[in-house]
Amino acid sequence: MSLSGRRGRVLLLDTCVILHYLLGDELADKAEVLVKLAVGDEVTLAVSSEAYDDAITAFRSKGVDLPTVLKALEMWAAIPHQVLPVTAEIAVEALRLYSLHGGRGRLHYFDALHVATAKHYGLPLVTSDRYVIEHSKALGVSVIDLRTVSYNSF
């Protein structure tokens, strides 16, 4: 899948970026910058096709009821973004990364899929995940720490 012809820089978002925005937590203002830039067609936001499952799993594991999860997904759908499919190559790379870096307090499996997707499509990954940020070189991915995002970043 090509993202050529899109205006602005293309950024792959970790699911956590969307969750920060939707939940209005301490990093919501940083995530909102990205949403506003996308609405203004200054950047193109992309997510891995598994990001929706990642979000649903996160909500359900915290006991969030289905109507609330559905509302969150509807709000997400209103954010301009592209969906990048997880291919067999991405799944293989994600499992390889997880086998090397996975475990409690390390790389989570869903995050391995985000990293592998970013690598496959040659995109920077925007995340707040400290493990991914601190180990980006070993993971072979370019990252943007959500905490550093501003309107002047792009």
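Quick note: the sequence shown uses the working numbering, first residue 2, plus one each step.
Where a beta carbon is used, it is the ideal one built from N, C-alpha and C, also for glycine.
*Continuous beta strand (DSSP E) assignments of at least 3 residues falling wholly in the region 57-102*: Segments of the beta strand (DSSP E) lying fully in the region 57-102: 83-85.
*Where do the N-terminal and C-terminal ends of the beta strand (DSSP E) with T118 fall, by residue?*
Stepping through the sequence shown from its first residue, residue 118 is reached at position 117. Premise fails: T118 lies in the alpha helix (DSSP H), Y110 to Y122, not in any beta strand (DSSP E).
_Expected contact under 8 angstroms - CB spacing of L46 and P81 to nearest Å_ = Against the sequence shown, residue 46 aligns to sequence position 45. Against the sequence shown, residue 81 aligns to sequence position 80. Right, their Cβ atoms sit about 7 angstroms apart.
_So for S50, helix, strand or coil by DSSP?_
As a first step, residue 50 is located in the sequence shown; it is residue number 49 there, counting from the start. Coil at S50, not helix or strand.
*asked:* DSSP three-state label for R10, please.
replied: For the purposes of this step, residue 10 is taken as the residue at position 9 of the sequence shown. R10: strand per DSSP, three-state reduction.
*Specify the secondary structure class of V142 as computed by DSSP and reduced to three states.*
In the sequence shown, the residue the question calls residue 142 occupies position 141. Assignment of V142 by DSSP, reduced to helix, strand and coil, places it in the coil class.
*asked:* Just to confirm, is the Cβ distance from A59 to T16 under 9 angstroms?
replied: Locating residue 59 in the sequence shown gives position 58, counting from the first residue. Locating residue 16 in the sequence shown gives position 15, counting from the first residue. Yes; because the gap between Cβ atoms is below 9 angstroms, this pair is in contact.
*Could you name the residues of the same chain whose beta carbon sits closer than 6 angstroms to that of A56, not counting the 5 residues immediately before and after it, in chain order?*
The count along the sequence shown starts at 1 and reaches residue 56 at position 55. Cβ within range, chain order: T16.
_Among the candidates F155, I19, L98 and R10, whose CA atom is the shortest distance from the CA of S137?_
The residue given as residue 137 occupies position 136 in the sequence shown. That would be L98, whose Cα lies nearest to the Cα of S137.
*Please name the residue in S129, D66, L71 and K63 whose C-alpha comes closest to that of L14.*
Here the question's residue 14 lines up with position 13 in the sequence shown. Taking only the C-alpha atoms, the option nearest L14 is S129.
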